[in-house]
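Numbering (this note's numbering), first residue to last: 6 to 98.
Note sheet for the following structure.
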Amino acid sequence: MKIKIKSVQGVCEWKWKLDGNLYSSEDDRICGICNFNFDLACPNCEAPGVNCGLLEGKCGHVFHHHCIDKWLTSDVGKGKCPLDRIEWENATQ
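This is how it looks when you write it as structure tokens:
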């Protein structure tokens with residue numbers, strides 16, 4: 006019996022990696038603003054990681070780039086982390 010493979014279709018999986026840590030629990034992989042998984046695009050993006058990546062604050066909280074930018078400039082956000090209300094500073098400057 007001879008088998009000939011005409012085509013192959015690959016499948017892959019990826020996860021965001023910040024500060025050398027892969028986010029392993031489900032809660033660690035969810036944006037606290039839009040509640041979308043980090044492996045998915047934020048509501049403002051067309052595809053994950055294409056137009057906006059992730060931003061981590063010095064407080065250790067991580068959000069989609071578009072989500073935190075919108076939050077920080079809103080009247081509600083006032084430049085503070087949405088989870089702990091500490092003045093927002095990017096972890097890497």
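Backbone N, C-alpha and C fix where the C-beta goes; we use that ideal spot for every residue, glycine too.
In the structure shown, L45 adopts coil according to DSSP, grouped into three states. Its Cα nearest to that of K63, the residue W93 stands out among K7, C57, W93. Rounded to the nearest whole angstrom, the C-alpha separation of E61 and N40 is 16 Å. L60 sits in a strand when the DSSP states are folded into three classes.
Where H71 is concerned, the enclosing alpha helix (DSSP H) starts and stops at 70-78. Taking C72 as the centre and dropping the five residues before and after it, the same chain places the C-beta of C36, I38, C39, C47 closer than 6 Å to its C-beta, in chain order. A residue is called buried once 16 or more other Cβ atoms fall within 10 Å of its Cβ, and V81, having fewer, is exposed. I35 is bridged by DSSP to N42.
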